[in-house]
Amino acid sequence: MPHHSTAQIAAIVVAGLVIIAAGALLSVYFGRRAKSSADWLSAPESLPLIVVVITQFATAAGGGVLIAHVGIAYASGWSVFAYELCVVLGFFGLALTARWLRDQGFGTVPDVVTRLFGHSRVVVALAGVCALVVPFGWLATQFVAFSQLFGQLTGLSPSLLIAVIAAGSLLFVLPGGLTSVAWTDFVFGIFKIVMSLVVAAYAVHLAGGWSGITTHVPERLWQPSGLFAAGGDQVWLWVAAILPGTLTNQLYYQRIFATKNVSDARRGIILSGLTILVGGVYAAAIGLSVRAQHPGLTNPEEAAGWLITQLPPLLLVTYGAFLVATIVSTSGSALQSVVTSLVRDLYSSVVGGRRTDRRMVTLSRLCTVVVTAIAAVLAISFPTALTWLVATYAYSAAALAAPLFLGYALRRRFRLTPAAALAAMTAGLAGCGAAQLADTVVPYAVYGIAASTVVLLGCALASGRPTAPVPAQSSPVPAPEGSTSA
Numbered sequence: 001m002p003h004h005s006t007a008q009i010a011a012i013v014v015a016g017l018v019i020i021a022a023g024a025l026l027s028v029y030f031g032r033r034a035k036s037s038a039d040w041l042s043a044p045e046s047l048p049l050i051v052v053v054i055t056q057f058a059t060a061a062g063g064g065v066l067i068a069h070v071g072i073a074y075a076s077g078w079s080v081f082a083y084e085l086c087v088v089l090g091f092f093g094l095a096l097t098a099r100w101l102r103d104q105g106f107g108t109v110p111d112v113v114t115r116l117f118g119h120s121r122v123v124v125a126l127a128g129v130c131a132l133v134v135p136f137g138w139l140a141t142q143f144v145a146f147s148q149l150f151g152q153l154t155g156l157s158p159s160l161l162i163a164v165i166a167a168g169s170l171l172f173v174l175p176g177g178l179t180s181v182a183w184t185d186f187v188f189g190i191f192k193i194v195m196s197l198v199v200a201a202y203a204v205h206l207a208g209g210w211s212g213i214t215t216h217v218p219e220r221l222w223q224p225s226g227l228f229a230a231g232g233d234q235v236w237l238w239v240a241a242i243l244p245g246t247l248t249n250q251l252y253y254q255r256i257f258a259t260k261n262v263s264d265a266r267r268g269i270i271l272s273g274l275t276i277l278v279g280g281v282y283a284a285a286i287g288l289s290v291r292a293q294h295p296g297l298t299n300p301e302e303a304a305g306w307l308i309t310q311l312p313p314l315l316l317v318t319y320g321a322f323l324v325a326t327i328v329s330t331s332g333s334a335l336q337s338v339v340t341s342l343v344r345d346l347y348s349s350v351v352g353g354r355r356t357d358r359r360m361v362t363l364s365r366l367c368t369v370v371v372t373a374i375a376a377v378l379a380i381s382f383p384t385a386l387t388w389l390v391a392t393y394a395y396s397a398a399a400l401a402a403p404l405f406l407g408y409a410l411r412r413r414f415r416l417t418p419a420a421a422l423a424a425m426t427a428g429l430a431g432c433g434a435a436q437l438a439d440t441v442v443p444y445a446v447y448g449i450a451a452s453t454v455v456l457l458g459c460a461l462a463s464g465r466p467t468a469p470v471p472a473q474s475s476p477v478p479a480p481e482g483s484t485s486a
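If you read the sequence shown in UniProt numbering, its first letter stands for residue 1, the second for the next number, and so on.
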């Protein structure tokens, strides 16, 4: 295994810090476009199509791809594409409702639930918590990924590395919220696409090309049947958790709301879904290449870190910068989404808090710091990337999939009430938790979604047809007082 000198390691650290500094400067520059708390929280109707597509990719292809997805490919070959296809199908599902979502101006998941079922503080609170679970899991995953990758390379403690990436995430979000995050993600996303393909090609080259991979990697992993090499139970868990989890992921709803016009909403989400496959190519190339060269890793999630030790100095430094860009852009997006749920849904809509525009931005920034600290502590305590991803997707989907999508399908035929939404979400969480504790063969997310679906259907049938047309739009969040700019 090649040994990298102290100077090379120092160069990687410096390159990473330069990337964080560049991102902070970009965030400040683009953050000047945020003139109000609405711009900070949701950037309404401000993003061109190309920015939406690239920022969706930059958000989705984060530490989970770098660590967890590469680990899937190392252990199970083409099965990584089963995971990626769940995400892509989720994007296509969102595309079916993107125009409606964009027409209604929805910025968060509770907005949609309120529009379908009517306003209730309890329902908004529960939907808000369930909506922030996935981006919070993403945030913790980015911190874990950074500490694992750079810990193997530099020997620095995970706690120190998590503190560094947490600080970098704050610099991305604090200046302008979603406005600065989206535009910074756009710049970093282009860099990430190029570097993903370059590093993937070099990893295959190190393994001796495709022939080297097929010679040293078990055939079951690289044959077409390798799509299911992870095992039926695991693949079904992904289908049950990742597909509906993508459909209910607030990060994507925010981008739909931020598109400049309605026609861009659907095209943006479809094109974004296709770009996700770039992450699959990257993860598969690296996972299989590392498996061919070093098949004895006890933890598959160490595969990406092992590859770092094999890179020549110039590519090593560039790759280090790429890793930092990948992780910090996704962590920034996830962090901003969590804060939006806390401030817009839980504080404004549930607690009924009303502040001036400037104070709303100040509150958002304070929440950003607090959420970052909590995620950092949890990432240090529970450093397993894939566990964070699957569990958060499963519980969020169990609570939200039926109310959002079955509710959308039933909205004109039945009278949907807040009580029905609350019952469905509660049943989903209970079913998911009970199945996980019972260690069922069928993925536990399936039980949660099934329980939520049955309860919602029962409530809909009991309520009968709507007595009046559904109003065109709902605005459950009270507008902040005053008009002072941020």
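Each residue gets a CB set at the ideal place from its N, CA and C atoms; glycine is no exception.
Three-state secondary structure (DSSP) of residue i
i	result
Leu-429	helix
Leu-156	coil
Leu-416	coil
Phe-150	helix
Arg-33	coil
Asp-103	helix
Thr-97	helix
Leu-378	helix
Leu-437	helix
Pro-175	coil
residue 487	What the structure shows of the chain is the stretch from 1 to 486, and residue 487 is not part of that stretch, so it cannot be assessed.
Pro-135	helix
Thr-108	coil
Pro-466	coil
Thr-141	helix
Thr-6	helix
Thr-392	helix
Thr-114	helix
Thr-372	helix
N- and C-terminal bounds of the alpha helix (DSSP H) containing residue i
i	result
Arg-220	219–222
residue 497	The displayed coordinates of the chain run from 1 to 486. Any statement about residue 497 would go beyond what the structure contains.
Leu-307	303–308
Ser-120	Neither: Ser-120 is in no alpha helix (DSSP H) and is coded neither H nor E.
Ser-180	178–206
Leu-49	49–60
Ser-452	444–463
Ala-409	407–410
Ile-67	From DSSP, Ile-67 is part of no alpha helix (DSSP H); its letter is neither H nor E.
Gly-209	209–216
Contacts around residue i, its chain only, beta-carbon distance under 8 Å, and the 5 residues preceding and following it disregarded
i	result
Pro-2	The predicted model places Pro-2 with a pLDDT of 46, which falls under 50 and marks its position as unreliable; any figure quoted below should be read in that light. These residues qualify, in order along the chain: Thr-309 and Gln-310.
Val-281	Ser-196, Leu-197 and Ala-200
Ala-292	Ala-207, Gly-208, Gly-212, Ile-213, Thr-215, His-216 and Val-217
residue 487	Since the first residue shown for the chain is 1 and the last is 486, residue 487 is missing from the structure and cannot be characterised.
Val-371	Phe-136, Leu-139, Leu-335, Val-338, Val-339 and Leu-342
Val-477	Only weak support exists for where Val-477 lies, its pLDDT of 42 falling under 50; the value from the coordinates is given anyway. The residues are Asp-111, Arg-344, Asp-345, Ser-348 and Ser-349.
7 Å CB neighbourhood of residue i in its chain, flanking five on each side removed
i	result
Ala-182	Ala-43, Leu-47, Val-51, Thr-55 and Ala-258
Leu-315	Tyr-202
Asp-345	Thr-108, Pro-110, Val-124 and Gly-128
Leu-378	Ala-140
Gly-428	Ala-398, Ala-399, Ala-402, Gly-448, Ile-449, Ala-451 and Ser-452
Ala-303	Val-70, Gly-71, Tyr-74, Ile-286, Gly-287, Val-290 and Leu-297
Status (buried if at least 16 other CB within 10 Å, exposed otherwise) for residue i
i	result
Pro-295	exposed
Glu-219	exposed
Val-122	exposed
Gly-464	exposed
Gly-231	exposed
Thr-368	buried
Asp-264	buried
Thr-246	buried
Val-18	exposed
Leu-437	exposed
Phe-186	buried
Ser-396	buried
Ser-159	exposed
Leu-416	buried
Val-53	buried
Close Cβ partners of residue i (< 6 Å) along its chain, the five nearest in sequence each way excluded
i	result
Ser-27	Phe-172, Pro-175, Ser-180 and Thr-184
Ala-15	Val-317, Gly-320 and Ala-321
Asn-249	Val-134
Ala-284	Ala-73 and Val-80
Ile-9	Thr-154
Ile-12	Val-317 and Gly-320
Ala-131	Val-109, Gln-250 and Ser-341
Ala-163	none
Pro-443	Trp-236, Leu-237 and Ala-240
Where in the region 229–296 do unbroken runs of the alpha helix (DSSP H), each at least 4 residues long, occur, reported from the N-terminal end onward? 232–247, 250–258 and 262–293
Contained alpha helix (DSSP H) runs [length at least 4] in the region 311–367, N- to C-terminal order: 313–340
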